[in-house]
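Below is one structure, written out as structure tokens; the observations come after it.
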Amino acid sequence: MESDDSTPNDSNRDGNGNSNDTEDGPLIDPVDDPLEATYPDGIAQFRGSLENWGYRPDETIPDAVEQAWRLPEVNTGDHGAAKASATPTPDGGLVMPGDTGILTALTADGEVLWEAETTTSGNGIHGTAVVTEDTVFIGAYDGTLYAFDLETGNELWAKKLGGAIGSSPVFDGERVFVAVEYPDPEGSMFALDPDTGEVLWEDAESRPTDHPHSTPAIDPDAGRLVVGANDGVLYGWSYPDLELEWTFETDPDNDTDGEIKGPIATCDGGAYFGSWDQRIYRVDLEDGTEDWSVETGGLSMTGPGIDPSLGVVFAGSHDGNLYALDAATGEEHWRFGTDRALTGCPTVCADRVVFGSKDQTLYAVEKQTGEAVWRVDHDGVVTSTPLVADGAIYYAERAPAPEDGETDGAAYKLVEA
Numbered sequence: 001m002e003s004d005d006s007t008p009n010d011s012n013r014d015g016n017g018n019s020n021d022t023e024d025g026p027l028i029d030p031v032d033d034p035l036e037a038t039y040p041d042g043i044a045q046f047r048g049s050l051e052n053w054g055y056r057p058d059e060t061i062p063d064a065v066e067q068a069w070r071l072p073e074v075n076t077g078d079h080g081a082a083k084a085s086a087t088p089t090p091d092g093g094l095v096m097p098g099d100t101g102i103l104t105a106l107t108a109d110g111e112v113l114w115e116a117e118t119t120t121s122g123n124g125i126h127g128t129a130v131v132t133e134d135t136v137f138i139g140a141y142d143g144t145l146y147a148f149d150l151e152t153g154n155e156l157w158a159k160k161l162g163g164a165i166g167s168s169p170v171f172d173g174e175r176v177f178v179a180v181e182y183p184d185p186e187g188s189m190f191a192l193d194p195d196t197g198e199v200l201w202e203d204a205e206s207r208p209t210d211h212p213h214s215t216p217a218i219d220p221d222a223g224r225l226v227v228g229a230n231d232g233v234l235y236g237w238s239y240p241d242l243e244l245e246w247t248f249e250t251d252p253d254n255d256t257d258g259e260i261k262g263p264i265a266t267c268d269g270g271a272y273f274g275s276w277d278q279r280i281y282r283v284d285l286e287d288g289t290e291d292w293s294v295e296t297g298g299l300s301m302t303g304p305g306i307d308p309s310l311g312v313v314f315a316g317s318h319d320g321n322l323y324a325l326d327a328a329t330g331e332e333h334w335r336f337g338t339d340r341a342l343t344g345c346p347t348v349c350a351d352r353v354v355f356g357s358k359d360q361t362l363y364a365v366e367k368q369t370g371e372a373v374w375r376v377d378h379d380g381v382v383t384s385t386p387l388v389a390d391g392a393i394y395y396a397e398r399a400p401a402p403e404d405g406e407t408d409g410a411a412y413k414l415v416e417a
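Oh and the sequence shown: position 234 is 234 in the UniProt record's numbering, straight run, nothing missing.
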């Protein structure tokens, strides 16, 4: 593993048409009156806000980085879906799930405080935890949503909901929402009581008709809860009363059926997401109609990152590119090419965007221009979403453990070099 501030993959960038031009200065004008997202007090979760922006404007990405610590054997399976990400804890530490089915709590220095086991085997945990002042909520591929004591890791309750949970829960402070998969294949959306695990709501009539692996978004301003599913449909419920308002179907003529596997992000009346029909969409939250879509060179299963200060959506594709798109129009500002598919979500900070690729690399790029800042190479693929907290970067790779044990799918902390 090494940090390298040279430009990655020159041939792929040229071939994919990296469209930035930095000689004339920044390409993206700041927004006069940026929108604000919803961050419930005392709650840390996958993409930060209920709207899933993945936006951390108070954090900066260093000009160069080095490894502070490495936690081995976090993701050792061969399942190709995006892996879970770290969530910060109130004391400055973090919790890190793994496809081993183990949730690990660590200090910022990498000291393991406790490990909590789920009953799952095989695919383990793919979703990212919700952390409150005293509780950690996480779903696993055993179809169970768990609540663990933040201080001790002791199980508080466990609610079996279906066949598998591959998405991350979202907590608005009153209800924990989670998408659940059934083996038929079918699926459903649930809302649970955070104290007891009691099911407060399930949409048993309009449930997604194929595995919902997508992490839902809640948009209080628009009054919507949205989630995608493998049936290629985006579902929109009213919020907070949870009545189905509309469904939006991606391109039904595409051979991939338009699966929506990644997290949904919402902003300014629109829902943003990628589809297996090789497009990135904005759908109107009011009526579920398409505002725009952008064709990429491959399927898209990443969750978009949103920067309200620039009015830009950052989204990845299996064509190896990270795209910077105008949130209102879908116009492309720039694209940054890597050697393989992007499946994890980008994290947007004050100055830069950080994201991983299946080319076994973590990248940092300038968010205004898409120019490379640095790259860190790994033995495994980087599909977890980076957490940037207190100037450090936490994330995990996936690498099936060979018999000789040389590669083990570790979690990392990077700091300024």
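For glycine and all other residues, C-beta sits at the position ideal for the given N, C-alpha and C.
ask   = Is it buried or exposed for residue 399, if we count other Cβ within 10 angstroms and need 16 for buried?
value = buried
query = Which value, in whole angstroms, describes the spacing of the CA atoms of residue 147 and residue 159?
reply = 9 Å
task = Name the residue from 65, 177 and 111 whose alpha carbon lies nearest to the alpha carbon of residue 46.
result = 177
inquiry  = Quick check: what's the CA-CA separation for residue 43 versus residue 250?
reply    = 33 Å
ask   = Hey, residue 226 and residue 264: beta-carbon distance below 8 Å or not?
value = yes
key: Of the residues 388, 356 and 384, the one placed nearest residue 377, counting alpha carbons only   = 356
message = Beta-carbon within less than 7 Å of residue 114's beta-carbon, same chain only, minus the 5 sequence neighbours each way: which residues are those?
response = 105, 152 and 153
ask   = When we look at the beta-carbon of residue 170 and count the other beta-carbons within 10 Å, is it buried (16 or more) or exposed?
value = buried
task = Tell me whether the beta-carbon of residue 361 lies closer than 8 Å to the beta-carbon of residue 375.
result = yes
ask   = What are the boundary residues of the beta strand (DSSP E) that includes residue 321?
value = 321 to 326
key: Helix, strand or coil at residue 67 according to DSSP, with G and I counted as helix   = strand
query = How many whole angstroms separate the CB atoms of residue 342 and residue 322, which I take to be in contact at a CB cut-off of 8 Å?
reply = 6 Å
ask   = In or out: residue 183 buried (at least 16 other Cβ within 10 Å) or exposed?
value = By the neighbour-count rule (16 or more Cβ atoms within 10 Å), residue 183 is not buried but exposed.
query = Hey, quick one: how far does the beta strand (DSSP E) through residue 333 stretch, first residue to last?
reply = 332 to 337
ask   = Taking buried to mean at least 16 other C-beta atoms within 10 Å of its own C-beta, is residue 289 buried or exposed?
value = exposed
key: Every unbroken beta strand (DSSP E) within the segment 248 to 320, with a cutoff of 3 residues, ordered by chain   = Those beta strand (DSSP E) runs which fall completely within the segment 248 to 320 and span 3+ residues are 265 to 267, 270 to 274, 279 to 284, 290 to 295, 305 to 307 and 312 to 316.
ask   = How many angstroms separate the CA atom of residue 57 from the CA atom of residue 164?
value = Answer to the nearest angstrom: the Cα atoms are 34 Å apart.
inquiry  = For a test of the three-state rule: what should DSSP assign to residue 116, helix, strand or coil?
reply    = Strand, per DSSP.
query = What whole-angstrom Cβ distance do residue 214 and residue 203 have, given they're in contact under 8 Å?
reply = Wrong, their Cβ atoms sit about 15 Å apart, outside the cutoff.
key: Exposure of residue 391, with buried meaning 16 or more beta-carbon neighbours within 10 Å   = exposed
query = Are the CB atoms of residue 247 and residue 235 nearer to each other than 8 Å?
reply = yes
key: Contact check, residue 340 vs residue 367, beta carbons under 8 Å   = no
query = How many whole angstroms separate the CB atoms of residue 128 and residue 168, which I take to be in contact at a CB cut-off of 8 Å?
reply = 4 Å
message = For a test of the three-state rule: what should DSSP assign to residue 131, helix, strand or coil?
response = strand
ask   = What are the boundary residues of the beta strand (DSSP E) that includes residue 375?
value = From DSSP, the beta strand (DSSP E) with residue 375 extends over 372 to 377.
query = Counting pairs of Cβ atoms below 8 Å between the segment 64 to 80 and the segment 317 to 335, do you hit three or more?
reply = no
query = Considering only residues of the same chain and omitting the five flanking positions on each side of residue 75, which have a CB-CB separation below 6 Å?
reply = 83, 98, 99, 396, 398 and 409
ask   = Looking only at C-alpha atoms, which of 245, 136 and 313 sits nearest to residue 194?
value = 136
inquiry  = Rounded to whole angstroms, what is the Cα-Cα separation between residue 348 and residue 51?
reply    = 14 Å
task = Ignore the nearest five residues each way along the sequence and tell me which others in residue 8's own chain have a CB closer than 7 Å to its CB.
result = Confidence at residue 8 is low in this model, with a pLDDT of 37, below 50, so the placement of that residue is unreliable and no value is reported for it.
query = Should residue 112 go down as buried or exposed, given a rule of 16 or more other Cβ atoms within 10 Å for buried?
reply = exposed
query = Candidates 48, 411 and 324: which alpha carbon is nearest residue 103's?
reply = 411
Residue closest to residue 132, alpha-carbon to alpha-carbon, out of 90, 284 and 242 = Of the residues 90, 284 and 242, the one whose Cα lies closest to the Cα of residue 132 is 90.
key: Enclosing beta strand (DSSP E) for residue 182 [first to last residue]   = 176 to 182
Same chain, Cβ closer than 6 Å to residue 96, neighbours up to 5 away in sequence not counted = 86, 104 and 411
key: residue 166 versus 222, 197 and 230, residue with shortest Cα-Cα distance   = 230
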